[in-house]
Each structure stands twice: as structure tokens, then as C-alpha cells.
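Chains as they are written, first to last, in the numbering used here: chain A, 1 to 226; chain B, 1 to 226.
Every residue gets a Cβ at the ideal spot worked out from N, C-alpha and C, and that includes glycine.
Written below as C-alpha cells is the structure these notes are about.
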DNA sequence: TTAAATTGTAATATTTCTGTAACAAAAGAA
DNA sequence: TTCTTTTGTTACAGAAATATTACAATTTAA
């Protein structure tokens with residue numbers, strides 16, 4: 001999981017291309033072809049970044065931008081504008097609308113990807129970081145390896161995702177529901193008790209003799225990394 | 001406990017959906033399907049926020065609104081109107097009826113939740129705050145931890161909720177009934193004396209030698225944080 | 001194709017929490 | 001003071017939540 005990206009763009013071909021490539025990169029992507037609906041879906045989707053077309057059939061990109069900035073829950077949502085050449089870059093550049101970056105069509109996916117990473121790195125480093133660390137725990141997303149005190153640890157895929165999830169927000173307590181929602185593939189129905197078992201497995205793997213327990217149980221609430 | 005919300009809305013499906021989700025978020029929720037009764041129940045329930053349908057079978061939303069604003073006990077109760085599309089948003093927007101926000105149906109729960117948080121943040125910051133503090137007492141809702149004079153204190157779930165409850169309104173005296181209503185899960189029947197025991201347990205946990213007692217007993221009324 | 005690893009669940013064990021009852025103590029009322 | 005009401009304290013049994021284990025089914029690797 002490298003974060004969620006929402007796209008509002010009326011050219012279906014662009015959406016398709018970008019969405020497909022981003023998903024290949026590990027992002028969770030959702031999109032809308034028009035402004036009004038997009039705005040609603042976006043708020044439901046709660047992305048970590050928005051790709052926003054400058055010219056839309058109904059609402060203009062700026063209006064959407066303003067709307068988002070006014071909403072306290074999305075005040076700091078990073079936005080990258082997609083503009084067509086000749087759409088007065090200066091205007092956009094100088095805008096007070098609160099855009100984090102913009103890119104001119106046509107663009108290569110690599111170009112876009114680079115910008116996305118750059119913007120996300122600023123706003124929420126954990127989302128794009130290749131390495132997640134916490135105390136003497138280290139997780140390498142590229143090589144899919146986990147280390148505790150420099151000793152490599154073998155984890156199954158689910159335990160890996162589970163640890164990855166905890167590492168993006170250490171200390172925070174997550175309910176079993178929240179864990180299920182983000183660690184398990186969507187619409188998969190697993191018992192909430194199943195999480196206990198995976199927690200147990202994860203604990204067993206990452207715990208080293210004489211080192212402190214890293215996963216805290218918060219009775220009636222969930223688990224957290226400490 | 002993240003505060004109490006009352007819903008007056010005649011579409012049972014909406015009520016059910018919203019109520020269920022709000023409860024999952026930790027709010028205590030009560031609702032009514034029509035205006036006249038709703039108004040009565042609301043005043044008994046004493047919510048921190050009201051979700052009010054604009055079009056009701058008996059009373060109109062505006063009438064309810066006016067009634068509430070006339071009642072000195074609820075003059076400043078935050079209200080979010082639920083309107084159907086085409087119900088002349090301008091009118092509502094410009095209204096002097098004293099609505100704090102409004103949302104157009106159909107809406108996503110996330111959208112509603114965001115607005116509720118925004119409105120509550122303005123009217124009663126403690127209800128949605130992540131950290132609650134009072135003197136040298138600190139409660140962290142995200143990490144589910146409690147500190148007294150910077151020393152962490154271990155609390156059971158019920159004691160935690162109890163303290164959380166007191167912290168949202170320090171100094172205020174709460175009757176046992178009020179405490180029961182908001183700290184205990186709905187429709188659970190426990191002896192009112194049970195609260196005494198939990199108060200005792202909470203006291204035992206948060207009291208530090210040489211530090212003053214934080215929970216005050218108000219004979220024949222209840223308890224409060226001082 | 002076989003062996004090894006991974007997953008979800010159910011069953012069982014263990015821990016921690018809760019509510020109540022019973023009695024003690026304190027505060028008001030008479 | 002003495003009686004009455006309310007609150008404090010304690011201990012304990014049952015409940016609830018979590019931990020642990022084993023296992024069958026499935027997926028992946030060899």
C-alpha cells in the first residue's frame with residue numbers, strides 16, 4: 001500500500017492510462033470524469049493525493065480546489081493540476097488556489113510519477129518511503145525485507161503488510177476493523193478474530209529475546225506499535 | 001465517547017445508516033422519525049449536535065429550528081440540515097434560522113462525518129479533540145493513553161471511557177444517570193451503584209501520593225472533575 | 001507432482017475486566 | 001445524639017476479550 005490517489009479528469013483515455021500505471025506502482029486509485037461527482041467521491045475515498053484536471057465540463061479545477069481547501073478535512077490534501085499547453089501556466093503557477101504542483105499535457109507517466117512521489121514525499125513521507133523504520137525495526141519495501149536489530153526476519157505476505165501498516169503510523173491504536181479494511185484486500189470477509197492470529201504470528205517473528213515487545217494490545221480497542 | 005448526536009429525519013433508511021455509522025465512530029446517537037416527538041426527545045437527550053431533516057411530515061425543519069433557538073437551553077445547539085437536492089439551497093444558506101451547516105442528499109457518510117467534526121470543532125472542541133487535558137492529567141485518544149503528571153497510568157476500558165467523559169466537561173457535575181447514558185453502551189442495564197465502584201477504581205488509578213484528589217463527590221448529585 | 005509455506009477458522013486456555021452484593025464509613029436530618 | 005440516607009470499600013464470581021494451538025484448505029515453490 002503506497003497510498004490512495006484520486007483522479008478528476010474528463011479525458012477517459014488519460015484516466016485509464018494513468019490509473020492503470022499507478023495501480024501497477026502499488027497505489028490504490030479511484031477516479032471520476034466530472035467535477036461535481038468527483039468532489040463527492042473524493043471525499044468518500046479520502047485519498048492521499050489528487051490529480052485534478054484544470055478544464056472540466058462542469059466545475060473548473062480552481063473551483064474544486066477552493067472547495068477542497070475550505071473543507072477542514074481536506075485542507076492539506078496535496079493536489080497536482082493537469083493542464084493543457086497554452087492554458088496560461090503563469091496564472092496557474094501564481095495561483096493562490098493552493099495547488100502543490102502542476103504538469104502540462106501531454107506528459108509521460110514517468111514524469112507524472114516523479115512529481116507524485118515528490119509531492120507525497122513532502123506531505124506524507126511514510127507513504128512513498130522505501131524504508132519504514134521504527135526503533136530497531138526496519139522494513140524495506142523495495143526488497144521486501146524486514147530487519148530487527150539488523151537481523152533479517154522472515155515474514156509471510158500478510159504479516160508483511162500488517163507490519164507495513166503499523167509502521168506508517170506507529171503508536172497509533174487501530175481497531176480490528178480498521179486493520180481489516182486496509183491490510184486485507186477489499187471486500188474480503190475474514191473473521192475479526194483472524195487478526196489476533198496474525199498479530200500473534202507477527203509478534204512471534206519480530207520479537208527477539210531480551211528485547212521489548214513491539215506490539216501493544218489495547219483491550220477493547222485494538223493494537224498498536226510501541 | 002465523542003459526544004451525543006440527535007437525528008430528526010423521516011426516512012428510516014437514512015437514519016439507520018447514519019446512526020449506525022456514527023455509533024461506530026464512538027458517538028452516542030438517538031433519533032426520531034418525526035418533528036413533534038423528536039423535539040421532545042431531543043430536549044430530554046441533550047445532544048451536542050442535531051442532524052435535522054429539512055422536510056418532515058409534520059413540522060418543517062425551520063419550525064424545529066426556530067423552536068430550538070427560542071429555548072434558552074438549546075440556543076447554541078449546533079444544527080446540520082439535511083436537504084434534498086433542489087430544495088433551494090440559497091434559501092437555506094441565507095436563512096436566519098440559525099443553521100450551522102447543511103448537506104444535500106444523497107450524501108456519503110464520510111462527507112457528513114467531516115461536517116459534523118467541523119461543526120463540533122467550532123462549538124465544542126473537546127468533543128473531537130485528540131488530546132484531552134485537565135491540570136496535570138492528560139488523555140490521548142489516538143494512542144489510548146493516560147498520564148498524570150507525565151507518568152503513564154494504566155486504565156481498563158470502562159475507566160478510560162469514564163475519564164474521557166469527565167474530561168470533555170471538567171468541573172461539571174454529572175448524575176449517575178447521565179454517566180450511565182453516555183459512558184455505557186446503549187441499552188445496557190447496570191445498577192447505578194456500579195458507577196461508584198468504577199469511580200473508586202478510577203480514583204485509585206489516577207491519584208498520586210501528595211497530589212490532590214481529582215474527582216469530587218457531590219452528595220445526592222453525582223461526580224465531577226475538579 | 002510433491003513438498004513447503006501460508007491462511008483462515010475453530011477450539012481451548014488464559015488473562016483481564018465488570019457488575020453486584022455486603023458491609024463500613026460518612027454526611028445530613030431530626 | 002441517634003437515625004437515615006448516601007457514598008466508600010472490598011471481595012468475588014461470572015463475563016468478556018485476548019492468546020495460543022492445532023488443523024484443514026489453499027497457494028506457492030521446488
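Taking a contact to mean a Cβ-Cβ separation below 9 Å, would you say residue 104 (chain B) touches residue 129 (chain B) in this structure?
no
Can we say the segment 130–146 of chain A touches the segment 179–199 of chain A, given the rule of at least three CB pairs closer than 8 Å?
no
Three-state class that DSSP yields for residue 129 (chain B) in the structure shown
coil
Would a check of beta-carbon distances place residue 212 (chain A) closer than 9 Å to chain B?
no
Using a Cβ-Cβ cut-off of less than 7 Å, list which residues of the segment 39–58 of chain A approach chain B; keep chain order.
40, 43, 44, 46
Is it buried or exposed for residue 233 (chain A), if we count other Cβ within 10 angstroms and need 16 for buried?
Absent from the structure is residue 233 (chain A), since the part of chain A shown begins at 1 and ends at 226.
Please state if the CB of residue 6 (chain A) and the CB of residue 33 (chain A) are separated by a distance shorter than 9 Å.
no
Buried or exposed: residue 57 (chain A), going by 16 or more other Cβ atoms within 10 Å of its Cβ?
exposed
Contact set between residue 206 (chain B) and chain A, taken where Cβ atoms lie within less than 9 Å:
What residue 206 (chain B) touches in chain A: nothing, since even the nearest Cβ is about 18 Å away.
Would residue 73 (chain A) count as contacting chain B if we go by Cβ distances under 9 Å?
yes
Give a single yes or no on whether residue 191 (chain A) has its beta carbon closer than 8 Å to a heavy atom of the ligand FMN.
Ligands displayed in this structure: none; no statement on the ligand FMN is therefore possible.
Drop a sphere of 10 angstroms on the beta-carbon of residue 125 (chain A), count the other beta-carbons inside from all chains shown, and report buried for 16 or more, exposed for fewer.
exposed
Counting only beta-carbon atoms, is residue 107 (chain B) nearer than 9 Å to chain A?
yes
When Cβ atoms are compared, which residues of the segment 169–190 of chain A fall closer than 7 Å to chain B?
171, 172, 173
Step through the CB atoms of chain B and report whether any lies within less than 9 Å of the CB of residue 197 (chain A).
no
Indicate whether residue 165 (chain B) and residue 146 (chain B) have their beta-carbon atoms separated by less than 9 Å.
no
Which residues DSSP lists as bridging residue 31 (chain B), in chain order:
B:7
Run the CB neighbour count on residue 168 (chain A), radius 10 Å, all protein chains shown included, and call it buried at 16 or more, exposed below.
buried
In whole angstroms, what separates the C-alpha of residue 210 (chain A) from that of residue 149 (chain A)?
12 Å
Shorter than 9 Å from the beta carbon of residue 219 (chain A) to some beta carbon of chain B?
yes
State the Cα-Cα distance for the pair residue 157 (chain B) and residue 186 (chain B), rounded to the nearest angstrom.
16 Å
Which parts of the segment 138–191 of chain A are runs of the beta strand (DSSP E), unbroken and 3 residues or longer, counting only runs that do not cross its ends?
145–148, 151–153
Please classify residue 218 (chain A): does DSSP put it in a helix, a strand, or coil?
strand
Can you tell which of B:46, B:60, B:225 has the C-alpha that lies nearest to the C-alpha of residue 71 (chain B)?
B:46
Chain A residues whose Cβ lies nearer than 8 Å to that of residue 118 (chain B)
71, 72, 73
Go ahead and pull the three-state DSSP assignment for residue 123 (chain A).
helix
Determine whether the Cβ of residue 31 (chain B) lies closer than 9 Å to any Cβ atom of chain A.
no
Residues of chain B with CB under 9 Å from residue 76 (chain A), in chain order?
Those do not exist, as residue 76 (chain A) stays about 13 Å from chain B at its closest Cβ, beyond 9 Å.
Please state whether DSSP places residue 74 (chain A) in a helix, a strand or coil.
coil
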